[in-house]
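Engineer: Which chain is which? The protein sequence lines are A and B, in order. Counting from 2, one number per residue, gives the positions in the first sequence under my numbering. Counting from 2, one number per residue, gives the positions in the second sequence under my numbering. Take a look at this one; I'll ask things after.
Protein chains: 2
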Amino acid sequence: MTERTLDKVEMEKVVSLCKRRGFIFPSSEIYGGLGSFWDYGPLGVELKRNVREAWWRAMVQERDDVVGLDAAILMHPQTWVASGHVEGFTDPLVECKACHQRWRDDMVPDGVCPACGGEITEPRMFNLMFKTFVGPVEREAAVVYLRPETAQGIFVNFANVLNSTRSKLPFGIAQTGKAFRNEITPGNFIFRTREFEQMEMEFFVKPGSDEEWFQYWVNERFEWYAGLGIRRDNLRLRQHAPDELAHYARGCYDVEYLFPMGWSELGVIANRGDFDLGQHARSSGQNLTSFDEESGEHIVPYVIEPSAGVDRSLLAFLVDAYDEEPDKNGTRTVLHFHPALAPIKVAVLPLSRNEKLAPLSREVYAGVRKEFRTQFDDAQSIGRRYRRQDEIGTPLSVTVDFQSLEDNMVTIRERDSMKQIRVPIPTLNVILSAKLGREPMEVLPEGGIYWAGFE
Amino acid sequence: MTERTLDKVEMEKVVSLCKRRGFIFPSSEIYGGLGSFWDYGPLGVELKRNVREAWWRAMVQERDDVVGLDAAILMHPQTWVASGHVEGFTDPLVECKACHQRWRDDMVPDGVCPACGGEITEPRMFNLMFKTFVGPVEREAAVVYLRPETAQGIFVNFANVLNSTRSKLPFGIAQTGKAFRNEITPGNFIFRTREFEQMEMEFFVKPGSDEEWFQYWVNERFEWYAGLGIRRDNLRLRQHAPDELAHYARGCYDVEYLFPMGWSELGVIANRGDFDLGQHARSSGQNLTSFDEESGEHIVPYVIEPSAGVDRSLLAFLVDAYDEEPDKNGTRTVLHFHPALAPIKVAVLPLSRNEKLAPLSREVYAGVRKEFRTQFDDAQSIGRRYRRQDEIGTPLSVTVDFQSLEDNMVTIRERDSMKQIRVPIPTLNVILSAKLGREPMEVLPEGGIYWAGFE
């Protein structure tokens, strides 16, 4: 764990770095932007891919008891009746009787319109689902919703997954993908947006074993963030009080991160009992049970749901990695990303742009980029290039200098410690692998070492 | 290249296998489905990920001149005015004056309603973009569209990408993601759907070099499909005739595949000149030029756009891989997937479910799954399990038998040739790597071999 200089990170600094270095741009910015929508730039898309991949690897690929799914964003509208979203996924909204502007109820505590001072109506419930119309006729029958969560795509596919995989309880179905909520008050950069990406898993268990699995997943999800480098001091679990729980929920924890705006939710782990499958079974008339060989009965499984936001998790990784360190040249801005998340793993930096260095530098670059996401940069001074790599969180830089032409060795410089070591070029990738934390996969009898792990 | 038995694949067989084995399910099937929407099951999601990853690797990660992007699905509505979609992304539609049902013009050649025989109106243009409403008021100003293509997200981010990456012409920006079109006549399984995923890249070049780059990308995109195992006889390029081209287009090729319903488009490579950046520059008043050091001028680049559909590419890989081979037990159904696309790379299959074999089998499984997507299966006869793996396209199976307990060797069985070889367990992963076509990355002086490549 690297010590950090900054006690508190200001969101503006992170937003500014994200735009400057191509992590995140305001969406449609040339047209003045679209409120609270964001686009991921060249580094942001790789960071987001790495967050999503780390989750998929931990939740699907490294487990024998979870399979993946990718359901459509537009689903049959009955799905949202059964799930309760058509009825209950609402915020209270009031309207000004004079200028007809609308407000969220809690934003108008005085009962007069903040825009014109007009009288305000009684609150009515506003549904947060975006709706659209399938087919060439805009009539009620063709209304569909942009899914407000990915979870329901899993429940409606429960029987198809069970039949095609021959899974037995306990087992899970995981999905990542876009979801949409017509939030009245989005904000805090990419923390709360109207379009966002979720990582959700529904873990189906025998009733009676649910409490144990619930605790298991609470722990797993907390440790996932810590394992990817977020400082434990900035993470906490918050148990929902009984009066916060939905009527069907048997328990719920938030994993929270200490963002610049305070403790806020990264994800939720909920014990949802048999509510979801029960609702869809009743609503569709289909059999959504699993056969239990032990009891010889068909049972409706209970479900533990670990759910998390890709964008807000990514924001936590960004904020937690951000630091400004005083040094002899002023301030070093650095993103201390975990190597698995860093968009670029290795930078190859010739000491200077020089035709004598160029052939070997290109050769080293060609060798490294075969195995790692690598950037080549020979513009400006080596000091400025180290700074640029620090600022985008590249864990390792490789410098080719004039000595390299003679001894066939290069310098590896570590982002966090800024320590430098000199290594023979033929061993470079093996040493980079080890420094990036890849696990040695297997030591073969003849002495070779094979590496497994991320990338 | 593996020879195939079937001359012609029936789409129904592919659809049936996809549902039975968990590749693709009708969306929201428990509610009767939602017309022409599909969900990817446990194997389908991995296959789709592999298609997308193969494209991203070829188009972004293995190139120095292309960066990635991930723009929001909901964009500023002015985007679609500038792009021409609000005005021109339409199909002609007629309505029955009696029953008010609507039809695409070319479906009513007789001028009377196919449903009730009523008189039909003159055709009017129907826009294929899905619309929705951002914010709590459904008024015109808040109308936004679900993007009908990912390309425009790239054009509106051109300046932000240029500024943050310091890119010089020629360079490209690539994006994958969902797009939506309110098609009046979707169909042919996942070939034409209302919700689909695109892989698009805009390659910005100096005017004058566009024809050369256009030809380059036409060739690259054709070879990408062939390189991932699609038989060349089933691929062709179709050049658009001058009267097919949009007024601004300087050239256009379709990459087509011989689907069961005939030759159909997998992707398009278009030379779009300066149309897109020019339109957005005029519409936004922003400077969307690139500085050319050679001439000392700011120029509006021309753009070459290689665009492809994830879902229809995946369908081509499925159809082309599908075969039924007569054998002594009847028929062997097999998917001859390229190893990079196969959802499962290796199956570990103990000869039988036996407590003597179990420990070593589990040990072999644990070793293999560290490096490859692996499935363990010990249910039913070994012959049936080979068939199951053939049917989902697993390239290699590893069988642990009683002899293995004595000689520490296992049998590798190849899906395509069905040949079997016996190898020592400590060398298993290296041999699997080689058979899966991974490139040896580097031969080290001390004799070890390191492997780079997919997974």
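Virtual Cβ for every residue (Gly too), placed ideally from N, Cα, C.
If you follow the beta strand (DSSP E) that K371/B is part of, which residue opens it and which one closes it?
Structural biologist: It is not in any beta strand (DSSP E) - K371/B carries neither H nor E in the DSSP assignment.
Engineer: Quickly, what does DSSP pair N272/A with across the bridge? List them, please.
Structural biologist: The partner list for N272/A (beta bridge, DSSP) reads G252/A, I305/A.
Engineer: Select from the region 38 to 66 of chain A all residues with a C-beta closer than 9 Å to any C-beta belonging to chain C, and list them in chain order.
Structural biologist: The structure shown contains no chain C; its protein chains are A and B.
Engineer: Alpha carbon to alpha carbon, how far is Q1/A from R414/A?
Structural biologist: Because chain A spans 2 through 456 in this model, residue 1/A falls outside it and cannot be assessed.
Engineer: Please list, in chain order, the chain B residues whose beta carbon lies closer than 9 Å to that of V162/A.
Structural biologist: Ordered by position in chain B, the residues that pass the 9 Å Cβ test against V162/A are G23, F26, G42, P43.
Engineer: Roughly how many angstroms separate the alpha carbons of P446/A and P351/B, rounded to a whole number?
Structural biologist: Reliability of the predicted coordinates at P446/A is poor, the pLDDT of 37 falling under 50, and the value obtained from them is presented with this limitation in mind. Each residue's Cα considered, the two are about 25 Å apart.
Engineer: Give me the Cα-Cα distance between I426/B and W264/A, rounded to the nearest whole angstrom.
Structural biologist: So the two alpha carbons sit approximately 50 Å from each other.
Engineer: Do P124/B and P78/B have their CB atoms nearer than 9 Å?
Structural biologist: It is not a contact, given that the beta carbons lie outside the stated cut-off.
Engineer: Does the beta carbon of R459/A sit closer than 9 Å to a beta carbon anywhere in chain B?
Structural biologist: No answer is possible for residue 459/A: it lies beyond the span of chain A, which begins at 2 and ends at 456.
Engineer: Any C-beta of chain A within less than 9 Å: which residues of the region 65 to 95 of chain B qualify?
Structural biologist: Result list: D65, V68, G69, L70, D71, A72, A73, I74, L75, M76, H77, P78, Q79, T80, A83, D92, L94.
Engineer: Which residue's Cα is closest to the Cα of E47/B: F373/B, N355/B, R423/B?
Structural biologist: Per the Cα distances, F373/B.
Engineer: Are the C-beta atoms of R374/B and some chain A residue less than 9 Å apart?
Structural biologist: Yes - at least one Cβ of chain A is within 9 Å of the one on R374/B.
Engineer: Give me the chain A residues within the contact set of G154/B, using Cβ-Cβ distance strictly less than 9 Å, ordered along the chain.
Structural biologist: Going along chain A in sequence order, the residues near G154/B (Cβ under 9 Å) are S28, S29, D40.
Engineer: Using a Cβ-Cβ cut-off of 6 Å (strictly less than) and excluding sequence neighbours within five positions of R423/A, which residues of its own chain qualify?
Structural biologist: Only M410, T412 meet the Cβ criterion.
Engineer: With a CB to CB cut of under 7 Å and the five nearest residues on each side skipped, what residues in its chain are close to W225/A?
Structural biologist: Counting only Cβ-Cβ distances below 7 Å, and skipping sequence neighbours, we find A59.
Engineer: At least one CB of chain B closer than 9 Å to the CB of T489/A: is that the case?
Structural biologist: Residue 489/A lies beyond the stretch modelled for chain A, which goes from 2 to 456, so this question has no answer here.
Engineer: Quick check on the DSSP output: what are the complete beta strand (DSSP E) runs of length 3 or more inside the region 119 to 153 of chain A, in order along the chain?
Structural biologist: Counting only runs of 3 or more, we get 125 to 128, 132 to 134, 144 to 146.
Engineer: Residues in the same chain with beta-carbon distance under 7 Å from E4/A, minus the five sequence neighbours each way, listed in chain order, please.
Structural biologist: Nothing listed; no residue qualifies.
Engineer: Say whether chain A places a C-beta atom closer than 9 Å to the C-beta of I422/B.
Structural biologist: Taking Cβ atoms only, chain A never reaches closer than 9 Å to I422/B, which makes this a no.
Engineer: Leaving aside the five residues before and after D391/A along the sequence, list all residues of the same chain whose C-beta is less than 8 Å from its C-beta, in chain order.
Structural biologist: The answer, listed in chain order, is R333, T334, V335, L336, R416.
Engineer: Where do the N-terminal and C-terminal ends of the alpha helix (DSSP H) with Q390/A fall, by residue?
Structural biologist: Unbroken alpha helix (DSSP H) run through Q390/A: 383 to 393.
Engineer: Is any beta-carbon of chain A found at less than 9 Å from that of N189/B?
Structural biologist: Cβ-Cβ to chain A under 9 Å: no for N189/B.
Engineer: Output yes if chain A places a C-beta closer than 9 Å to the C-beta of N235/B; else output no.
Structural biologist: Not closer than 9 Å to any Cβ of chain A, the Cβ of N235/B fails to qualify, so no.
Engineer: Going by C-alpha distance, which of C253/B, L289/B, R354/B, V67/B is nearest N161/B?
Structural biologist: Checked all of C253/B, L289/B, R354/B, V67/B; the closest Cα to N161/B is L289/B.
Engineer: Within a Cβ cutoff of 7 Å, which residues of the same chain sit near N235/B, ignoring the five residues on either side of it in sequence?
Structural biologist: Y258, L259, D321.
Engineer: In angstroms with no decimal places, state the Cα-to-Cα distance between P187/A and L7/B.
Structural biologist: Rounded to the nearest angstrom, the two C-alpha atoms are 55 Å apart.
Engineer: List the residues that DSSP assigns as beta-bridge partners of I185/A.
Structural biologist: I185/A pairs with nothing; no bridge assigned.
Engineer: Using only the alpha-carbon positions, how far apart do R195/B and E150/B sit?
Structural biologist: Those two C-alpha atoms are separated by around 12 Å.
Engineer: Taking CB distances under 9 Å as the criterion, tell me whether F205/B reaches chain A.
Structural biologist: No, F205/B lies away from the interface with chain A (no Cβ there is under 9 Å from its Cβ).
Engineer: Strictly below 7 Å CB to CB, what residues from chain A border Q287/B?
Structural biologist: Residues of chain A passing the Cβ test: I31.
Engineer: Determine whether the beta carbon atoms of G42/A and I25/A lie at a separation below 9 Å.
Structural biologist: Going by C-beta atoms, G42/A is nearer than 9 Å to I25/A.
Engineer: Go ahead and pull the three-state DSSP assignment for Y451/B.
Structural biologist: In this prediction, Y451/B scores a pLDDT of 40, lower than 50, which makes its location untrustworthy; the coordinate-derived value is nonetheless stated afterwards. Note: Y451/B maps to strand in three-state DSSP.
Engineer: Between which two residues does the beta strand (DSSP E) holding S291/B run?
Structural biologist: Note, S291/B: beta strand (DSSP E), 291 to 293.
Engineer: Quick one: is L361/A near chain B, going by C-beta distance under 9 Å?
Structural biologist: For L361/A, the answer is no, since every Cβ of chain B falls outside 9 Å of its Cβ.
Engineer: Are L170/B and I300/B closer than 9 Å when you measure CB to CB?
Structural biologist: Closer than 9 Å, so yes.
Engineer: What's the C-alpha gap between I393/B and F377/B?
Structural biologist: About 14 Å.
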